[in-house]
Amino acid sequence: MEALRPLSITAVAALLRAPPVPISTFVGTGREVGGRRGKSVRAGAGWLWGLLGRKGGGGAPTAMTVTPGTVKAGDPVLHEPAQEVSPGDVPSEKIQGVIDQMIAVMRKAPGVGLAAPQIGVPLKIIVLEDTQEYISYASKEDIDAQDRRSFDLLVGIFFRMELCSPPITVVRLEHLLMAHALLCFLSPLSQVVINPKLRKTSKRTARFYEGCLSVDGYRAVVERHLDVEVSGFDRNGHPMKVEASGWQARILQHECDHLEGTLYVDKMVPRTFRTVDNLNLPLATGCPPLGA
Numbered sequence: 003m004e005a006l007r008p009l010s011i012t013a014v015a016a017l018l019r020a021p022p023v024p025i026s027t028f029v030g031t032g033r034e035v036g037g038r039r040g041k042s043v044r045a046g047a048g049w050l051w052g053l054l055g056r057k058g059g060g061g062a063p064t065a066m067t068v069t070p071g072t073v074k075a076g077d078p079v080l081h082e083p084a085q086e087v088s089p090g091d092v093p094s095e096k097i098q099g100v101i102d103q104m105i106a107v108m109r110k111a112p113g114v115g116l117a118a119p120q121i122g123v124p125l126k127i128i129v130l131e132d133t134q135e136y137i138s139y140a141s142k143e144d145i146d147a148q149d150r151r152s153f154d155l156l157v158g159i160f161f162r163m164e165l166c167s168p169p170i171t172v173v174r175l176e177h178l179l180m181a182h183a184l185l186c187f188l189s190p191l192s193q194v195v196i197n198p199k200l201r202k203t204s205k206r207t208a209r210f211y212e213g214c215l216s217v218d219g220y221r222a223v224v225e226r227h228l229d230v231e232v233s234g235f236d237r238n239g240h241p242m243k244v245e246a247s248g249w250q251a252r253i254l255q256h257e258c259d260h261l262e263g264t265l266y267v268d269k270m271v272p273r274t275f276r277t278v279d280n281l282n283l284p285l286a287t288g289c290p291p292l293g294a
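Just so we're aligned, residue 3 is where the sequence shown starts under this note's numbering, counting upward by one.
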């Protein structure tokens, strides 16, 4: 699920984009990032690519764009289960720094989802952001077929930043709560999930192309469930549960797979693996068709 060109920076987005926080050693992981032991797992971008990785795009980054520091297939951090984050550690500067780093890397790519192992951090954290701008790059036919709807990170970050900006009056707090409720209504899917537990809620499935910067320049068809439920903790340590369908459900499954050491190529439909340049060629005879 690729954004074919960099996200335009509005005044609000510029304010919300936090600078990356340096990642050093994560307690209990035994892995150093940026040091000698972590040389192969430097912080970088990893994210879900989708059906949009096509030729053209009017000056957009191509599917072969390489983001420095991306953890590549073969690195153990991508093929081993990640560790759960202790609930008591969620508010810590270290974990909050990982989340901010993940958001910055995902947006720089730009991408629609990122799992902590994709920046070399073996922890169960995912961030998600599929905006109307990204969706606008797709055709209406693709959007309808994928049942694709936006969700973004502005909800939680906007409220957290505003709440920390003095002065906080009763009237202003009421306005913020109303704004937060409205934003959550418009964008109901939580965007940062810690220790996610995913459950399929129906037997409906669909097949579409996926890809990942951990497997540069390739795509394959993956069959995914169309309806899922994810429970876990938000970035403030509060329990949360969300239901998702369509493309949102696909993104969640892709990112949660990363936390179990699974890449999309481990689940791909046989004989659908191809280079990005060959994405528009027809499927081989006998391959199941795209769609539900």
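We treat Cβ as the ideally placed atom computed from N, Cα and C, and that holds for glycine.
Predicted model, so just to flag it, every value in this text is computed and none were measured.
Residue of Ala222, Gln255, Pro89 and Ile145 minimising C-alpha distance to Pro291: Here residue 291 corresponds to residue number 289 of the sequence shown, with the count starting at 1. Here the closest residue by C-alpha is Ala222.
Per-residue burial, Lys142 [other beta carbons within 10 Å of its own, 16 or more giving buried]: The residue you call residue 142 lines up with position 140 of the sequence shown. It is exposed - the Cβ of Lys142 has fewer than 16 other Cβ atoms within 10 Å.
Val244 beta carbon less than 7 Å from that of Val194: Along the sequence shown, read from residue 1 onward, the residue named residue 194 stands at position 192. Along the sequence shown, read from residue 1 onward, the residue named residue 244 stands at position 242. Cβ distance not < 7 Å, so Val194 and Val244 don't count as in contact.
Anticipated Cβ contact below 8 Å, Gln103 with Ile121, distance rounded: Residue 103 sits at position 101 when you count from the first residue of the sequence shown. Residue 121 sits at position 119 when you count from the first residue of the sequence shown. That pair is a contact at about 7 Å.
Given Arg226 as reference, the closest of Pro83, Glu262 and Leu254 once Cα atoms are compared: The count along the sequence shown starts at 1 and reaches residue 226 at position 224. It is Leu254 whose Cα lies nearest to the Cα of Arg226.
Strand pairing of Asn246, partner residues [DSSP]: If you number the sequence shown from 1, residue 246 lands on position 244. The question names Asn, yet the displayed sequence has Ala at residue 246. According to DSSP, which records beta bridges pairwise, Ala246 is partnered with Val230.
Between the CA atoms of Val267 and Ser247 - distance to the nearest angstrom: Numbered from 1 along the sequence shown, position 245 holds the residue referred to as residue 247. Numbered from 1 along the sequence shown, position 265 holds the residue referred to as residue 267. In a straight line, the C-alpha of Ser247 is about 22 Å away from that of Val267.
Asp146 classed as buried or exposed, judged by whether at least 16 other C-beta atoms fall within 10 angstroms: Within the sequence shown, the letter at position 144 stands for residue 146. By the neighbour-count rule (16 or more Cβ atoms within 10 Å), Asp146 is not buried but exposed.
Asp279 in three-state terms, based on DSSP: Reading the sequence shown from its first residue, position 277 is the one you call residue 279. Assignment of Asp279 by DSSP, reduced to helix, strand and coil, places it in the helix class.
CA-to-CA distance, Ala286 to Ala111, given in whole angstroms: On the sequence shown, residue 111 is found 109 positions in, with the first residue counted as 1. On the sequence shown, residue 286 is found 284 positions in, with the first residue counted as 1. If I take the Cα positions, the gap works out to 31 Å.
Whole-angstrom distance between Ala208 and Pro284, CA atom to CA atom: Here the question's residue 284 lines up with position 282 in the sequence shown. Here the question's residue 208 lines up with position 206 in the sequence shown. Taking the straight line joining both Cα atoms gives about 18 Å.
Nonlocal neighbours in the same chain, by C-beta distance under 7 Å from Gly234, ignoring five residues either side: Here residue 234 refers to the residue found at position 232 when the sequence shown is read from its first residue. Excluding sequence neighbours, Gly234 sits near Val195, Ile196, Asn197, Pro198, Lys199 and Met242.
Residue environment, Val79, which counts as buried when at least 16 other CB atoms sit within 10 Å: Counting from one through the sequence shown, the residue named residue 79 turns up at place 77. It is buried - the Cβ of Val79 has at least 16 other Cβ atoms within 10 Å.
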